[in-house]
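Q: There's a structure below that I have some questions on.
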Amino acid sequence: MQTRKDLRNLAIIAHVDHGKTTLVDAMLWQSGVFRENEQVAERVMDSLDLEREKGITIMAKNTAITYRGTKINIVDTPGHADFGGEVERTLNMVDGVMLLVDATEGPLPQTRFVLGKALARGLPPIVVINKIDRPDRRINEVLDEIYDLFIDLDATEEQLDFPVLYTNARAGVALTGPDGRGRDLVPLFEAILEHIPAPTCDPEAPLQFLVTTLQHSDYVGRIGVGKVVNGVLRRNREVALLKPDSPPLGASLSQVYTYEGLNRVEREEVPAGDIAAVAGVDDIFIGDTLGDLAEPRPLPVITVEEPTISMV
Ligand code: GDP
1 MQTRKDLRNL AIIAHVDHGK TTLVDAMLWQ SGVFRENEQV AERVMDSLDL EREKGITIMA
61 KNTAITYRGT KINIVDTPGH ADFGGEVERT LNMVDGVMLL VDATEGPLPQ TRFVLGKALA
121 RGLPPIVVIN KIDRPDRRIN EVLDEIYDLF IDLDATEEQL DFPVLYTNAR AGVALTGPDG
181 RGRDLVPLFE AILEHIPAPT CDPEAPLQFL VTTLQHSDYV GRIGVGKVVN GVLRRNREVA
241 LLKPDSPPLG ASLSQVYTYE GLNRVEREEV PAGDIAAVAG VDDIFIGDTL GDLAEPRPLP
301 VITVEEPTIS MV
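For the sequence shown, position 61 matches number 61 in full-length UniProt numbering, and the numbering has no gaps at all.
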């Protein structure tokens, strides 16, 4: 087993309009992704500007940021209770969560379901109270409401000891206390590096890639997105497609990708620990494992509890 100190995988949990897109945008800008690759920068910003003009901001399902040599994969969670297991599958890829809460509105019921699932899985949380510049902010009350919610959801002592960041995402500022001044998101990046554990995995072991979601590209067709749990994903390599209740099928990966900024980028190989995507396997489906042909090891299928949540 290896600890990938150069990686962090975290899921973001936020009620709609609490500022997730704005915060991730600011993190992208400040993290240097754009400086390293100006062309990517122009393209990304063009599409963002376009979205803004249309009055729709989009939050990518997978975003990756590099800060101080560490790649931070940020995975979006469904903003509602879903009954298809998407929440479980998403949380399965990460080692911690960031709960983002509006400083005026406080935590709202729709985020409760996802947060509850994250806490039950033992994931460590970081709390971000956003929009601290709002004149009607009520930061201390909101923090109390968050503690109450955590207690209600049976958070452990360690989980209750969450770090809190106070942000003005629009200005791209994070503070470690409710008062004070800042000029960047460095305290937030540092909190992620410190409090979200690095993934542990075995890149030497046979491949295990768990398909979490599907995407589609007009060029390459169906794309499977997920985490490289062990081993290495390699382009043009024959792998075993492992489906529940059926024998392994041979498949060849025409493309292997990771994420950089808001983009999926082609790679020759992706070692364990990272979030990746593959193309070329037409029959790939959610819950499948891609494994080693010689030593196929399917990952457990994520079981989903019956929905017990009421949306009040
Ligand atoms: P999302 O639905 O969670 O992705 O929310 P958005 O990022 O789209 O933000 C919703 C609205 O809140 C937008 O109008 C943002 O400009 C605004 N907003 C985001 N962060 C802040 C902040 O820190 N302060 C203030 N005043 N407004 C913010």
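Virtual Cβ for every residue (Gly too), placed ideally from N, Cα, C. These numbers come from a predicted model, not from an experiment.
If we count the other Cβ atoms within 10 Å of its Cβ and call it buried at 16 or more, is methionine 93 buried or exposed?
A: Locating residue 93 in the sequence shown gives position 93, counting from the first residue. Methionine 93 comes out buried.
Q: One question on the structure: do residue 334 and alanine 174 come within less than 9 Å of each other, judged by their Cβ atoms?
A: Absent from the model: residue 334. The displayed extent of the chain is 1 to 312, so no value can be given.
Q: Which residues in the same chain have their Cβ closer than 7 Å to the Cβ of aspartate 282, if we skip the five residues on either side of it in sequence?
A: What you label residue 282 is simply residue 282 of the sequence shown in a count that begins at 1. Excluding positions up to five away in sequence, the list reads Gly221, Arg222.
Q: Please classify serine 217: is it buried, with 16 or more other beta-carbons within 10 angstroms of its beta-carbon, or exposed?
A: Translated into the one-based positions of the sequence shown, residue 217 becomes position 217. Exposed: under 16 other Cβ atoms inside 10 Å.
Q: My guess is that proline 206 and glycine 291 are in contact by the Cβ rule of under 8 Å, so how many angstroms apart are they, rounded?
A: If you number the sequence shown from 1, residue 206 lands on position 206. If you number the sequence shown from 1, residue 291 lands on position 291. Contact holds; Cβ gap of about 6 Å.
Q: Would you mind working out which of Lys71, Asn62, Arg8 sits nearest serine 31, comparing C-alpha positions?
A: Looking up residue 31 in the sequence shown gives position 31. Of Lys71, Asn62, Arg8, the residue nearest in Cα terms is Lys71.
Q: Measuring straight from C-alpha to C-alpha, what distance separates asparagine 236 and lysine 131?
A: Numbered from 1 along the sequence shown, position 236 holds the residue referred to as residue 236. Numbered from 1 along the sequence shown, position 131 holds the residue referred to as residue 131. Roughly 47 Å between the two C-alpha positions.
Q: Can you have a look at methionine 1 and say buried or exposed, based on whether 16 or more other CB atoms are within 10 angstroms of its CB?
A: The residue you call residue 1 lines up with position 1 of the sequence shown. Its Cβ having fewer than 16 others within 10 Å, methionine 1 is exposed.
Q: Lysine 117 to valine 265, Cα distance in whole Å?
A: One-based indexing of the sequence shown puts residue 117 at position 117. One-based indexing of the sequence shown puts residue 265 at position 265. Using only the alpha carbons, I get a separation of about 31 Å.
Q: Start and end of the beta strand (DSSP E) containing glutamate 260?
A: The residue you call residue 260 lines up with position 260 of the sequence shown. From DSSP, the beta strand (DSSP E) with glutamate 260 extends over 255 to 260.
Q: So what does DSSP say about isoleucine 132, is it helix, strand or coil?
A: Here residue 132 corresponds to residue number 132 of the sequence shown, with the count starting at 1. It is coil, neither helix nor strand.
Q: Taking the alpha carbon of alanine 279 as the reference point, which residue from Pro271, Gly261, Val232, Leu214 has its own alpha carbon closest?
A: Translated into positions along the sequence shown, residue 279 becomes position 279. For the residues Pro271, Gly261, Val232, Leu214, the minimum Cα distance to alanine 279 belongs to Leu214.
Q: Going by alpha carbons, who is nearest to leucine 108 out of Leu143, Glu86, Val75?
A: Reading the sequence shown from its first residue, position 108 is the one you call residue 108. That would be Leu143, whose Cα lies nearest to the Cα of leucine 108.
Q: Apart from the five residues just before and just after isoleucine 192, which ones in its own chain have a Cβ nearer than 7 Å to its Cβ?
A: Working through the sequence shown from its first residue, we reach residue 192 at position 192. The answer, listed in chain order, is Arg8, Leu10, Ile72, Ile126.
Q: Buried or exposed for threonine 156, please, with buried defined as at least 16 other CB atoms from any protein chain shown within 10 angstroms of its CB.
A: Sequence index remark: in the sequence shown, residue 156 carries index 156 (1-based). Exposed.
Q: Using only the heavy atoms of the ligand GDP, determine whether one of them is closer than 8 Å to the beta carbon of histidine 195.
A: As a working note, residue 195 is residue 195 in the sequence shown. No; taking the cut-off as 8 Å, the Cβ of histidine 195 has no heavy atom of the ligand GDP nearer than that.
Q: What span of residues does the beta strand (DSSP E) with alanine 276 cover, start to end?
A: The residue given as residue 276 occupies position 276 in the sequence shown. Unbroken beta strand (DSSP E) run through alanine 276: 275 to 279.
Q: Please determine whether the Cβ atom of lysine 227 lies at a distance below 8 Å from any heavy atom of the ligand GDP.
A: Indexing the sequence shown from 1 puts residue 227 at position 227. Not so, every heavy atom of the ligand GDP lies at least 8 Å from the Cβ.
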